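Novice: Quick note, the sequence shown lines up with residues 92 to 282 if you use this note's numbering.
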Amino acid sequence: MAKTINILSVIDVETILANKIPAGTATNPTSLGSYGTSDIYVYMITSRGYIDSADKNRADSELVIDANLGDTIQWELTCPGSGLQHDAIIAGVNPGSEPNPPSISTPVPVVTYRNIYDTAGLPGYQIVKQTDYCSNVLATGTTQYSISFQIMDNLGNSLGYYFWDPFVKVMNTKDYLRERKAYLKKQEAVV
């Protein structure tokens, strides 16, 4: 059964700005580096059952997920204190060229509406509009992709564009089911 795999990326805007990383543009964002280099700026999380079975990392910038044919991947992005001093807004998700063709479709922006409750235990919420990116899983293979984002101050001024490049690993159905069964046995999976 196809699932939607939600990936939340939390950007440490304060550290990016404190380290004076040059601000890129929408068409030429600045790289935050690869592997361990970008880990101090980006924390990616998803449900435990989607984390690559061979990957022991969680909540760093190189989250590798296991996906199955027919799944949908949805990326969203935020930062601590979102909007109080600074904000990080997802600007794009682009698959790399390997494998050729990539194992995921070209991600597209999707507007989502979230009910954000004001106070625990009380009715009443605000509807918040946000743009996420979604992609369909098309074929087996491992695809590296890039996520770009914009940093803005609380007055709406752009402070630059940046990117990093995690992976999606798509297994064949037999391997996918075997891995899910192993996770279920450990009681760590999302069903």
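Yeah, the Cβ is synthetic: ideal placement off N, Cα and C, and Gly gets one too.
Given the structure is predicted, the values throughout are model-derived calculations rather than measurements.
#1: Which residues does DSSP list as the beta-bridge partners of G183?
#2: On the three-pair Cβ rule with 8 Å, is the segment 241-249 touching the segment 193-207?
#3: Tell me E167's beta-bridge partners as DSSP assigns them.
#4: Could you please give the first and the last residue of the uninterrupted beta strand (DSSP E) stretch that includes L175?
#5: Could you check the C-alpha separation between R139 and E105 for me, to the nearest Å?
#6: Quick check on K94: does DSSP put it in helix, strand or coil?
#7: Going along the chain, which residues of its own chain have a beta-carbon closer than 6 Å to the beta-carbon of E167, five neighbours each way excluded?
#8: The alpha helix (DSSP H) that contains V202, what's its start and end?
#9: If V101 and C170 are in contact, beta carbons under 8 Å, what's the gap, nearest whole angstrom?
#10: When you compare only the Cα positions, how much space is there between D103 and P120?
#11: Assuming G187 contacts Y236 under a Cβ cut-off of 8 Å, what Cβ separation, rounded to an integer in Å, is found between them?
#12: Rounded to whole angstroms, what's the CA-CA distance from S125 to L268? Just pull it up for me.
#13: Give the single residue among G174, M92, Q176 and P193 whose Cα lies nearest to the Cα of F258.
Specialist: In this structure, then:
#1: The beta-bridge partner set that DSSP reports for G183 consists of S239.
#2: Taking one beta carbon from each stretch, the segment 241-249 and the segment 193-207 have fewer than 3 pairs nearer than 8 Å; the two do not touch.
#3: By DSSP's assignment, E167 forms a beta bridge with L99.
#4: From DSSP, L175 is part of no beta strand (DSSP E); its letter is neither H nor E.
#5: Roughly 27 Å between the two C-alpha positions.
#6: In this structure, K94 counts as coil in the three-state DSSP scheme.
#7: Excluding the 5 residues flanking it on each side, E167 has same chain C-beta neighbours closer than 6 Å at L99 and D223, in chain order.
#8: Counting along the chain, V202 sits inside no alpha helix (DSSP H); it lies in the beta strand (DSSP E) bounded by residues V199 to Y208.
#9: Contact annotation, V101 with C170: C-beta distance approximately 6 Å; criterion of less than 8 Å satisfied.
#10: One Cα belongs to D103, the other to P120, and the distance between them is close to 16 Å.
#11: Yes, G187 and Y236 are in contact; Cβ-Cβ is about 6 Å, under 8 Å.
#12: Whole-angstrom Cα-Cα distance: 30 Å.
#13: Looking at the Cα atoms, P193 is the closest of the given residues.
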